[in-house]
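Engineer: Positions 59 to 412 (the working numbering) are the ones given, in order, by the sequence shown.
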Amino acid sequence: MTAEQLDHLADKAIRCEAPTRAEALTVLSESFELLDVIAAGARVRREFFGRRVKLNTIVNMKSGLCPEDCGYCSQRLGSASEVLKYSWITPAKAAEVANQAVQAGAKRVCLVASGRGPGDRDIRRIEDTIAAITEDNPQVEVCVCLGLLAEGQAERLAAAGAHAYSHNLNTSEARYADICSTHTFDDRVDTLRRATTAGLSPCSGAIFGMGESDDDIVDLAVALRELDPDSVPVNFLIPFDGTPLGDRWDLTPDRCLRILALFRFYFPDVEVRLAGGREIHLRSLQPLALHLANSMFLGDYLTSEGQPGADDRQMIADAGFLVEGVEDQTLPAARHDLVAIRRRGAGTALPANA
Ligand code: SF4
59 MTAEQLDHLA DKAIRCEAPT RAEALTVLSE SFELLDVIAA GARVRREFFG
109 RRVKLNTIVN MKSGLCPEDC GYCSQRLGSA SEVLKYSWIT PAKAAEVANQ
159 AVQAGAKRVC LVASGRGPGD RDIRRIEDTI AAITEDNPQV EVCVCLGLLA
209 EGQAERLAAA GAHAYSHNLN TSEARYADIC STHTFDDRVD TLRRATTAGL
259 SPCSGAIFGM GESDDDIVDL AVALRELDPD SVPVNFLIPF DGTPLGDRWD
309 LTPDRCLRIL ALFRFYFPDV EVRLAGGREI HLRSLQPLAL HLANSMFLGD
359 YLTSEGQPGA DDRQMIADAG FLVEGVEDQT LPAARHDLVA IRRRGAGTAL
409 PANA
């Protein structure tokens, strides 16, 4: 490929056209200089998101002891990782943790709980937690991540004021059985569709560094694009001791940045979020990722610590970016989140816009 072909790829992305498979594979190969790939992806990022970086925070509502066996996960069945294990934290505690992150710049709070999927009591807990968080911070976006959803549960979460539902596809359909035997790729697709149908903003992404091929990466990007998510978290495997993938350190900063660029080309006007593993795999090249992703998690992850929030904010400022404010709309005007479902006024505890 030539530099003109990279320009062509960026032009296509700005028109929201997907790359061809051949183009996608070339981005992942080393046919191009890395900085040329980043520059092309950065042009697309600037077109739709300017210099804004949206900050998100994770609240781990219930940690460890999951009956599922996802091979990358420190909370999986049989995990020997020495991560924190606890049952549901209270809505008040979750609101306290969320409030700290919001004061530090987070716009979205992701409520995550280990497990195959929620029961009735779990949904009630989350309803109470959303109420506690939005009482202090009515402007915050609450995203919920509870695993596989049964019929009617997504509607309850939407009615409780959840903004989004997160459920990653993680890896390609062809490899799914290699990383998990207790549920399928189709189960995950089904849950994401339920959430979308209920009016929740769909969030679904990936974990890289699990032995996937370039073709797997492209297959996953294509499958995710078909689901039309509003946000796409890009994780790089955190290899926890005591998990089946605990010795996989396959990624390089170059590989991570090419993957992020590819995801920007596939998801030009979508929130591409720099997620778990960025510190250990991108290392000193982390700031370059901000030219591709327009969103990132602030501070710690589910069971591992990230870099201090102050360092994240300094990195953003040093790289010439700005933390996105509550008054800023994340997605560009053409995307459907412009239609804001009413969550205040009649039928709610919040005052109406007047
Ligand atoms: S990823 Fe979720 S479902 Fe899979 S083992 Fe971890 S907590 Fe359980």
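Cβ atoms here follow ideal geometry from the backbone N, Cα and C, with glycine treated the same way. Predicted, not measured: the structure shown is a model, and the values here were computed from it.
Determine the closest residue to Y223 out of C238, T60 and G205, with distance taken between C-alpha atoms.
Structural biologist: That would be G205, whose Cα lies nearest to the Cα of Y223.
Engineer: Does the Cβ-Cβ distance between R103 and L350 come in under 7 Å?
Structural biologist: yes
Engineer: Does the distance from the C-beta atom of L282 to that of S259 stay below 7 Å?
Structural biologist: One thing to note: L282 has its Cβ no nearer than 7 Å to the Cβ of S259.
Engineer: Under 7 Å, do V330 and V290 count as touching if we go by C-beta distance?
Structural biologist: yes
Engineer: Measuring only the C-alpha atoms, how far is G367 from N195?
Structural biologist: Cα-Cα distance, rounded: 20 Å.
Engineer: Run the CB neighbour count on T148, radius 10 Å, all protein chains shown included, and call it buried at 16 or more, exposed below.
Structural biologist: Classification of T148: exposed, given that the 10 Å Cβ count is below 16.
Engineer: For R214 and C168, what's the separation of their Cα atoms in angstroms?
Structural biologist: 17 Å
Engineer: What does a CB cutoff of less than 8 Å around L123 pick up in its chain, not counting 5 residues either side in sequence?
Structural biologist: For L123, where only same-chain residues beyond five positions count, the Cβ hits under 8 Å are Q133, K143 and S172.
Engineer: Touching or not, the region 321 to 335 and the region 96 to 113, by the rule of three or more beta carbon pairs under 8 Å?
Structural biologist: Inter-segment contact for the region 321 to 335 and the region 96 to 113 is present: three or more beta-carbon pairs are separated by less than 8 Å.
Engineer: Which partner residues of E337 appear in the DSSP bridge assignment?
Structural biologist: Per DSSP, none; premise fails for E337.
Engineer: Looking only at DSSP bridge pairs, what is L215 linked to?
Structural biologist: DSSP output for L215 lists no bridge partner at all.
Engineer: Name, in chain order, the residues that DSSP records as bridge partners for V167.
Structural biologist: T115 and V200
Engineer: Mapping DSSP to helix, strand and coil, what is A138?
Structural biologist: A138: coil per DSSP, three-state reduction.
Engineer: Excluding the 5 residues preceding and the 5 following P77 in the sequence, name in chain order all residues of the same chain whose CB lies nearer than 8 Å to its CB.
Structural biologist: L67, K70, A71, V85, L320, F323 and Y324
Engineer: Anything with a beta carbon under 5 Å from a heavy atom of the ligand SF4 counts; list them all in chain order.
Structural biologist: The filter returns C124, E126, C128, C131, Q133, R134 and S172, in chain order.
Engineer: Go through its chain and collect everything with a Cβ distance to S353's Cβ below 6 Å, but skip five positions before and after it.
Structural biologist: K112, E329 and R331
Engineer: What residue ranges within the region 339 to 386 form continuous beta strand (DSSP E) runs of no fewer than 3 residues, ordered along the chain?
Structural biologist: Complete beta strand (DSSP E) runs here, min 3: 353 to 355.
Engineer: Name, in chain order, the residues that DSSP records as bridge partners for N228.
Structural biologist: A264
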